[in-house]
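This report refers to the structure that appears directly beneath it.
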Amino acid sequence: MKLYADAMACSLAAHLALIVAGLPFELIWVDNKAKRTEDGRDYYSINPKGLVPALELDDGSVLTEGAAVLQYIGDRAPQAQLVPPPASDARYRLQEWLNYIATELHKPVFNPYFGAHKQSVLPPDALQRYVLGLLEARFDYLDPRLRDREWLVDERFTVADAYLLVILNWAQHVRMTMSRWPALAAYHRRLLELPAVREVMRRERERYAKAA
Ligand SMILES: N[C@@H](CCC(=O)N[C@@H](CS)C(=O)NCC(=O)O)C(=O)O
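Numbering follows our numbering, with no gaps: position 52 of the sequence shown is 52.
Pasting the structure below:
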């Protein structure tokens with residue numbers, strides 16, 4: 001498998017899932033602004049949507065959309081228990097979280113901040129206020145749900161946690177003060193202490209610094 005990713009982007013979740021799954025994979029970094037891969041290809045020729053992540057499967061076909069990519073990886077490594085078994089109640093809970101993170105946190109909150117057209121949306125101060133304001137409401141929802149549980153689904157780390165890690169990293173990047181959401185802040189710290197998360201953060205930060 002080949003994962004197409006941009007450093008510290010949402011593709012970090014799939015990168016992490018592949019590490020935890022212990023599956024062999026090749027990581028191909030994408031310059032998301034130039035839409036070129038590190039080996040010089042036009043990224044639109046791989047994913048016509050121009051978005052990461054994209055996962056090139058062993059038969060050469062390409063799977064896109066983070067939620068699908070994450071579940072694909074999880075299903076390829078059942079021993080890692082990154083996804084609950086297909087059709088189980090917990091699997092629908094996982095999909096519920098993946099969809100929530102994608103459609104209520106990732107895209108509406110951060111697309112105007114990180115997306116290709118951010119400059120034309122709002123001036124920087126207003127943009128910062130917009131992002132922090134939306135995040136507040138979402139974090140008010142998340143924090144109580146993490147008060148008496150360690151992970152989002154089934155009391156074990158799943159790909160939903162990998163995806164939420166990305167959002168919490170970005171919240172730190174936009175300098176969100178987390179004191180109002182202690183359970184969420186503790187959850188983020190818990191994630192950052194996992195050996196696989198340390199490893200993925202090391203690799204992604206290294207690439208981020210190199211690409212900057
Ligand atoms: N619907 C896609 C969205 C993926 C996405 O937004 N990726 C961002 C990085 S986090 C991206 O590639 N943005 C490039 C751009 O906006 O041009 C998914 O869920 O995978």
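Glycine included, each C-beta is placed from N, C-alpha and C at the ideal position. Just so we're clear, the structure is a prediction, and the values are computed from it rather than from any experiment.
From the DSSP output, in three-state form, read off Leu51 for me.
-> coil
Under the criterion of a Cβ to heavy atom distance below 7 Å, does Gly50 qualify as lining ligand 1?
-> yes
Should Pro108 be counted as a contact of ligand 1 given a C-beta to heavy atom distance under 7 Å?
-> no
Would you list the residues sitting across from Val62 in a DSSP beta bridge?
-> Glu56
According to DSSP, which residues form a beta bridge with Val30?
-> Thr37
Assign Arg156 to one of three DSSP states: helix, strand, or coil.
-> strand
Looking at the unbroken alpha helix (DSSP H) that takes in Leu184, where does it start and where does it end?
-> Pro182 to Glu193
Alpha helix (DSSP H) segment containing Ala213, residue limits | Limits of the chain in this structure are 1 at one end and 212 at the other, which puts residue 213 out of reach.
Within the chosen definition, does the region 132-139 reach the region 147-156 through at least 3 CB pairs nearer than 8 Å?
-> no
Cα-Cα separation between Pro144 and Met178, rounded to whole angstroms | 14 Å
Rounded to the nearest angstrom, how far is the Cβ of Ala213 from that of Ile46, given a contact under 8 Å?
-> The requested residue 213 does not occur in the structure, where the chain is confined to residues 1 to 212.
For Leu165, which residues from the same chain have a beta carbon less than 6 Å from its beta carbon, with the 5 sequence-adjacent residues on both sides left out?
-> Leu191
Boundaries of the alpha helix (DSSP H) in which Leu98 is found, first to last residue | Asp89 to Tyr100
Within the present structure, is the beta-carbon of Asn169 separated from the nearest heavy atom of ligand 1 by less than 7 Å?
-> no
Using 10 angstroms around the beta-carbon of Asp89, count the other beta-carbons present and answer buried if the total reaches 16, otherwise exposed.
-> exposed
With a cut-off of 8 Å on the beta carbons, I'd call Asn32 and Val52 a contact; round off their distance for me.
-> 6 Å
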